[in-house]
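Everything below concerns the one structure shown next.
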Amino acid sequence: MHPLQCVFQAQRLSAPWTSMCWVLLRTCRAHSSASSTSCASPEGKSSAGVQKDFSSRLATGPTFQHFLRSASVPQEKPSSPEVEDPPPYLSGDELLGRQRKVYLETYGCQMNVNDTEIAWSILQKSGYLRTSNLQEADVILLVTCSIREKAEQTIWNRLHQLKVLKTKRPRSRVPLRIGILGCMAERLKGELLNREKMVDLLAGPDAYRDLPRLLAVVESGQQAANVLLSLDETYADIMPVQTSPSATSAFVSIMRGCDNMCSYCIVPFTRGRERSRPVASILEEVRKLSEQVLQLIRERHNICKQIHLPAQSGSSRVLDAMRRGYSREAYVALVHHIRESIPGVSLSSDFITGFCGETEDDHQQTVSLLREVQYNTGFLFAYSMRQKTRAYHRLKDDVPEEVKLRRLEELITVFREEASKANKASVGCTQVVLVEGFSKRSTTDLCGRNDANLKVIFPDAEVEDLTNPGLKVRAQPGDYVLVKITSASSQTLKGHILCRTTMKDSSAYCMT
587 MHPLQCVFQA
597 QRLSAPWTSM
607 CWVLLRTCRA
617 HSSASSTSCA
627 SPEGKSSAGV
637 QKDFSSRLAT
647 GPTFQHFLRS
657 ASVPQEKPSS
667 PEVEDPPPYL
677 SGDELLGRQR
687 KVYLETYGCQ
697 MNVNDTEIAW
707 SILQKSGYLR
717 TSNLQEADVI
727 LLVTCSIREK
737 AEQTIWNRLH
747 QLKVLKTKRP
757 RSRVPLRIGI
767 LGCMAERLKG
777 ELLNREKMVD
787 LLAGPDAYRD
797 LPRLLAVVES
807 GQQAANVLLS
817 LDETYADIMP
827 VQTSPSATSA
837 FVSIMRGCDN
847 MCSYCIVPFT
857 RGRERSRPVA
867 SILEEVRKLS
877 EQVLQLIRER
887 HNICKQIHLP
897 AQSGSSRVLD
907 AMRRGYSREA
917 YVALVHHIRE
927 SIPGVSLSSD
937 FITGFCGETE
947 DDHQQTVSLL
957 REVQYNTGFL
967 FAYSMRQKTR
977 AYHRLKDDVP
987 EEVKLRRLEE
997 LITVFREEAS
1007 KANKASVGCT
1017 QVVLVEGFSK
1027 RSTTDLCGRN
1037 DANLKVIFPD
1047 AEVEDLTNPG
1057 LKVRAQPGDY
1067 VLVKITSASS
1077 QTLKGHILCR
1087 TTMKDSSAYC
1097 MT
């Protein structure tokens, strides 16, 4: 064994220098000649010759700057990362996944869910495939938690299960690789690599970018680890990829690490110092998630096509005083974008009239916004000062009460006019309605909600069940029915019931 190998075996996990030793060792092997004499002293070759050969190869290897390339100062606005050259001891092809299948399991907190999505985003770009079938996986990665002893014991138990799977792997298939990611990798690095030799790969919370390289090293039959913590890694330029196609929520990570140093908590030691993502990258991720939501609403007929979009005022000056964070122009642009993305979408909103310092011109701008947008549903109120708010301490409630009430009446009148126009567009259409029960004003009428979340009133009558032709039924709360709209007001649609249906069957009907 070469002396450098001996040093590595003895000090593999003792300090950050270990990673550099490992890279130097791999460099030594990568630059060796076709004979096996490059990393071992052959018979007949002098000690001085070996030293000279090693020194020449070391001189052509990576410099100290190579290991500092990722330690740049984070930029406020994320940019597309430059494609780096592969490490000198690996070829570009070795960093590719070559369609090997990865199975990911997540344990612990919501941050680990987000970490899983980040890790998968990186691996996906490197050519790996995702599988939900443990038996067909080539790589199994566990995203782990160290917050309590029980959380770690769960992983040890899981590793013993996976060891059986690894042992029974047919020789005809590529060897199964098992990796530990996240907090447990950071805390128990030595034990994880050495205990029963179950783990091939370790990646700490700040080392997910290194996963393609670590997996490439593992493919050569060696263990690989990177658990170095970072002062600036936030993965700001990486868009997390949803790991579950059926997920109903998404997490946006704002910061990593923690500086609180609570006396009972391991997090500062497994996730490092607190650092926040650049604002621009957070906004970009939220924007992309919002686009996905709009696309889902448009594509899925079982999602109500109604969005609540609070405006509060139509005046940019008042919006600024309210500290809403957007202008009238930005709000209107968003409305147009939503309507382009979801044809026929229903919009509802909140409005406050008579806020501190609101002028008559500000009020008229709100009136014009109501006319421009034509909301289907609105919630309008006169402003009332609340203690402890910023307005209470710094602004003056200077709009007289009678002026507030007069402006509120004007807004209500305009809203009803425009909502009536918008709702009358439904007259003559056949719509799917979810039955809620009897109408509050009549025991002979039923009430329900349509796809725009508007109230629909229709007679309680026997109708045909679309899924059972010839069967006559009366609609019950929770049923879906088809209703032909015959009239509309600013708040309610009326019509007559055609039949009982299901959400699946109703999608075949044209609603226009």
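According to my numbering, the sequence shown is numbered sequentially starting from 587. Where a beta carbon is used, it is the ideal one built from N, C-alpha and C, also for glycine. Small disclaimer: the values here were computed from a predicted structure and weren't measured.
K687 places its beta carbon 9 Å or farther from that of R734. If you draw a straight line from the Cα of A822 to the Cα of C844, it is about 17 Å long. In the DSSP assignment, F855 falls within the unbroken alpha helix (DSSP H) covering V853 to R857.
Per the Cβ contact rule, the segment 1073-1083 is in contact with the segment 1036-1054 (3 or more Cβ pairs under 8 Å). F941 sits in coil when the DSSP states are folded into three classes, being neither helix nor strand. Annotation: the continuous alpha helix (DSSP H) that includes K736 extends over E735 to T753.
From the listed residues I1071, E805, T834 and R859, the smallest Cα separation to S816 is found for R859. Every beta strand (DSSP E) stretch that sits fully inside the segment 870-946 and reaches 3 residues is listed by chain position as 892-894 and 932-939. A straight-line Cα-Cα distance of about 13 Å links V959 and S899. In this structure, DSSP gives K990 a helical state, which the three-state scheme calls helix. At a Cβ-Cβ threshold of 9 Å, L801 and L788 do not count as neighbours. For L751, same chain residues with a beta-carbon under 6 Å away, outside a window of 5 residues either side, do not exist. As a beta-bridge residue in DSSP terms, F965 pairs with D936. Collapsing the DSSP output to three states places L676 in coil. Ranking V827, I893 and L1068 by CA distance to the CA of D701 puts V827 first. Secondary structure note for T702: its alpha helix (DSSP H) is the uninterrupted segment Q696 to K711. Of the residues assessed, S806 falls on the exposed side of the cut-off, its CB having fewer than 16 other CB atoms within 10 angstroms. Put simply, of Y714, A897 and F967 the residue whose alpha carbon is nearest the alpha carbon of R909 is A897. Under the three-state reduction of DSSP output, R980 falls in the helix class. With a minimum length of 3 residues, the unbroken runs of beta strand (DSSP E) contained wholly in the segment 761-823 fall at 763-768, 787-789 and 810-812. Excluding five sequence positions before and after K891, the CB atoms of its chain that fall closer than 7 Å to its own CB belong to I883, I928, G930, V931, S932, D1037 and A1038, given in chain order. Taken through DSSP and simplified to helix, strand or coil, M841 comes out as strand. Look at N1009 here: in three-state DSSP terms it is helix. The Cβ-Cβ distance between V1000 and R957 falls below 9 Å. Look at A1038 here: in three-state DSSP terms it is coil, with no helix or strand label. When the beta-carbon positions are compared, P798 and I708 come within less than 9 Å of each other.
Rounded to whole angstroms, the separation of the alpha carbons of W706 and L690 is 8 Å.
With a beta-carbon spacing of about 12 Å, T820 and R857 fall beyond the 8 Å limit used to define contacts. For S718, there is no enclosing beta strand (DSSP E), as DSSP gives it neither H nor E. If you look at S1092, you'll find it in the alpha helix (DSSP H) that goes M1089 to S1092. Beta bridge pairing from DSSP links S1025 with S1028.
Distance check between Q1017 and each of A1074, V1069 and Y969 places V1069 closest, using alpha-carbon atoms only. In the structure shown, D1046 adopts coil according to DSSP, grouped into three states. Per DSSP, the beta bridge partners of V1019 are V1067.
When D818, D796 and Q1062 are compared, the shortest CA-CA separation from C1033 is found for Q1062. Here the alpha carbon of Q878 sits roughly 34 Å from the alpha carbon of I741.
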